[in-house]
Amino acid sequence: MRTVPPAENATAAIFCTYPQPFLTKTSQFFSEFIASTLLMFLIFALKDPSNNGVPKSDKWFPLCLFFLIFGLGSCFGWQTGYAINIARDFSP
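Residues 615 to 706 (this note's numbering) make up the sequence shown, in order.
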């Protein structure tokens, strides 16, 4: 039987994301907002052809994207899950 967090033996978090019980709705929103904003800003910075900090070829882009998503997930993933999706906070 799948149970939902914050139950002691909750297993539903394996298949979907749940926020930590101590976070308020405002904290959840800003956590997702900051993570989503950083993700989009840094992807645009990586793909900008006039950016001198990234190699011009696209062969390093997948590795850079991996480290970007890994870093954001490590910093923000434990609070609200690893979704990095601000639209999830505006659900009905």
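The C-beta atom is built at its ideal place from N, Cα and C for all residues, glycine as well. Please read all numbers here as calculations on a predicted model, not as lab measurements.
Straight-line Cα distance separating residue j from residue i
i	j	result
residue 694	residue 684	15 Å
residue 664	residue 691	31 Å
residue 639	residue 633	9 Å
residue 636	residue 642	10 Å
residue 688	residue 620	21 Å
Nearest neighbour of residue i, chosen from the options [CA to CA]
i	options	result
residue 660	674, 698 and 623	674
residue 698	666, 654, 658 and 619	654
residue 701	622, 644 and 628	644
DSSP-derived helix/strand/coil call for residue i
i	result
residue 646	helix
residue 625	coil
residue 662	coil
residue 619	coil
Burial state of residue i, where buried means 16 or more other Cβ atoms lie within 10 Å
i	result
residue 649	buried
residue 646	buried
Check whether residue i and residue j have beta carbons under 9 Å apart
i	j	result
residue 624	residue 617	yes
residue 652	residue 677	no
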